Amino acid sequence: MAIFHVIGLGSMGLGMALSLRRAGHEVHGLDLNPAQIAKLEEAGGHALANTSPLADALICVVLNAAQTEAALFGTEGWAGHLKLGGTILSCATVAPEFAKRMEAEAQARGLHYLDAPISGGSVRAAEGALSVMASGTAAAFDGAALALAAMAQTVHRLGDQAGPGSAMKAVNQLLAGVHIAAMGEALGFATSQGLDLARVLELIRVSAGTSWMFENRAPHVIDADYTPRSTINIWPKDLGIVTDIAAGAKLPLPLTETALAQYRAAAEAGLGLEDDAAITKLVASRAGLKLPGDA
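Right, dumping it as structure tokens:
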């Protein structure tokens, strides 16, 4: 049994913490929402506090780079609550250069750092079946081994230092964000042609135009269920990271930039906290189209 601290018990972090508990580990979690901490406690975990025992590893599952740095190395940074030689698993989507800087900071403190962005969504997080795009030293992978065994179905080893893991996550987010935006346009277009959206999903999922995001998100639109699994607000951040990295490489990404503009428009229209399938609402609203669930 190992001791783990989990910072950020949102839709992904809570599932990861519960997966660690199922594997028999001692888990201490921190979140701004007391209800999320209560869910961890119901599973035998604990609220993370200054009196909590030092951890073997810390899993940081916060929103962005600023939150990651504050959670790890800020005034009350939790990296100080790791055992000497302990390991940080940093799971937020961040720029590769930021991941490299965090690795250097961790190493200066006698800690290991695994650049470990995740993919799979809240359901697979709860099942302990995530995909982890990881890069770091051999010692970082060794220090993260028990946590990864409990939380992940697949661990992709992408390099021996921080950076490649975050770069690969940016590639994934480019595709995922563009695919969701394309899903919204396709369903809007189908609606404009009087097609039944359930039938559209049935046919497209066995046709060349399908994608994992289409098959996963289209049912949310058909069911008029915009309960957030992944919110619209995630995409201005993640695609913004992609376009910033590309700008540094002097690489135009017109499709990504167009998708980014759509998510920003959706957020400005008040859809930011809804499921990202709500990008379809933005498309439909521009032509006065009614989607399932609309009066």
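Residues are numbered in the working numbering as their position in the sequence shown, beginning at 1, plus a constant of 872.
Even glycine gets a Cβ: it sits at the ideal position worked out from N, Cα and C.
All values derive from a computational prediction rather than experimental measurement.
field: Cutoff 6 Å; reference leucine 1046; Cβ partners in own chain excluding five residues on either side
entry: Residue 1046 sits at position 174 when you count from the first residue of the sequence shown. Hits under 6 Å: Val1114 and Thr1128.
query: How big is the Cα-Cα spacing for glycine 896 and glycine 949?
result: One-based indexing of the sequence shown puts residue 896 at position 24. One-based indexing of the sequence shown puts residue 949 at position 77. So the alpha carbons of these two residues sit roughly 26 Å apart.
- prompt: With a CB to CB cut of under 7 Å and the five nearest residues on each side skipped, what residues in its chain are close to cysteine 963?
  reply: The residue given as residue 963 occupies position 91 in the sequence shown. If we look at cysteine 963 and ignore the five residues flanking it on each side, its Cβ neighbours are Ile931, Cys932, Val933, Ala988, Pro989 and Ile990.
- request: Use the C-beta contact count for glutamine 1134: other C-beta atoms within 10 angstroms, 16 or more gives buried, fewer gives exposed.
  value: Start at 1 with the first residue of the sequence shown, and residue 1134 comes out as number 262. Result: buried.
- request: Leaving aside the five residues before and after leucine 886 along the sequence, list all residues of the same chain whose C-beta is less than 7 Å from its C-beta, in chain order.
  value: Indexing the sequence shown from 1 puts residue 886 at position 14. Answer for leucine 886: Gln908, Lys911 and Leu912, listed in chain order.
- prompt: Do you know offhand how far proline 1036's Cα is from alanine 1024's?
  reply: What you label residue 1036 is simply residue 164 of the sequence shown in a count that begins at 1. What you label residue 1024 is simply residue 152 of the sequence shown in a count that begins at 1. Whole-angstrom Cα-Cα distance: 18 Å.
- request: Below 8 Å on the Cβ atoms is my guess for alanine 1096 versus methionine 1055; work out the distance and round it to an integer in Å.
  value: Walking along the sequence shown from the start, residue 1096 turns up at place 224. Walking along the sequence shown from the start, residue 1055 turns up at place 183. That belief does not hold up - the Cβ atoms of alanine 1096 and methionine 1055 are roughly 15 Å apart, past 8 Å.
field: CB-CB length for leucine 983 against glycine 958, believed under 8 Å
entry: The count along the sequence shown starts at 1 and reaches residue 983 at position 111. The count along the sequence shown starts at 1 and reaches residue 958 at position 86. Going by Cβ atoms, the distance from leucine 983 to glycine 958 rounds to 6 Å, so yes, they are a contact pair.
The beta strand (DSSP E) enclosing tyrosine 1098, as first and last residue numbers: Here residue 1098 corresponds to residue number 226 of the sequence shown, with the count starting at 1. Unbroken run through tyrosine 1098: none, as it is neither H nor E.
message: Measuring alpha carbon to alpha carbon, tell me which residue in Val1050, Gly880 and Asp1068 is nearest methionine 1085.
response: The residue you call residue 1085 lines up with position 213 of the sequence shown. Distances from the alpha-carbon of methionine 1085 to those of Val1050, Gly880 and Asp1068 put Val1050 closest.
task: Confirm, please, whether the CB-CB distance from alanine 915 to leucine 890 is below 8 Å.
output: Taking the first residue of the sequence shown as 1, we reach residue 890 at position 18. Taking the first residue of the sequence shown as 1, we reach residue 915 at position 43. Contact flag set, yes.
field: Nearest neighbour of lysine 1041, chosen from Asp1110, Ser883 and Gly882 [CA to CA]
entry: As a working note, residue 1041 is residue 169 in the sequence shown. Selected option, being the one with the closest Cα: Asp1110.
message: Does valine 1114 come out as helix, strand or coil in the three-state DSSP assignment?
response: Position 242 of the sequence shown holds residue 1114. Helix.
task: May I have the straight-line CA-CA distance separating threonine 1026 from alanine 942, to the nearest angstrom?
output: In the sequence shown, the residue the question calls residue 1026 occupies position 154. In the sequence shown, the residue the question calls residue 942 occupies position 70. For threonine 1026 and alanine 942, the distance between alpha carbons rounds to 28 Å.
Cutoff 7 Å; reference lysine 1153; Cβ partners in own chain excluding five residues on either side: As a working mapping, residue 1153 is identified with position 281 in the sequence shown. Result list for lysine 1153: Leu1143 and Leu1163, in chain order.
query: So, are the CB atoms of alanine 1016 and leucine 961 less than 8 Å apart?
result: Along the sequence shown, read from residue 1 onward, the residue named residue 1016 stands at position 144. Along the sequence shown, read from residue 1 onward, the residue named residue 961 stands at position 89. Closer than 8 Å, so yes.
- request: Give the secondary structure of glutamine 939 by DSSP, where H, G and I count as helix, E and B as strand, and everything else as coil.
  value: The residue labelled residue 939 in the question sits at position 67 within the sequence shown. Glutamine 939 falls in the helix class under three-state DSSP.
query: Hey, would you say tryptophan 1107 sits closer than 8 Å to aspartate 1148, going by beta carbons?
result: As a first step, residue 1107 must be located in the sequence shown, where it is residue number 235. As a first step, residue 1148 must be located in the sequence shown, where it is residue number 276. Cβ distance < 8 Å, so tryptophan 1107 and aspartate 1148 count as in contact.
- prompt: Based on Cα-Cα distance, which residue from Leu1073, Ile1094 and Phe970 lies nearest to serine 1038?
  reply: As a first step, residue 1038 is located in the sequence shown; it is residue number 166 there, counting from the start. It is Phe970 whose Cα lies nearest to the Cα of serine 1038.
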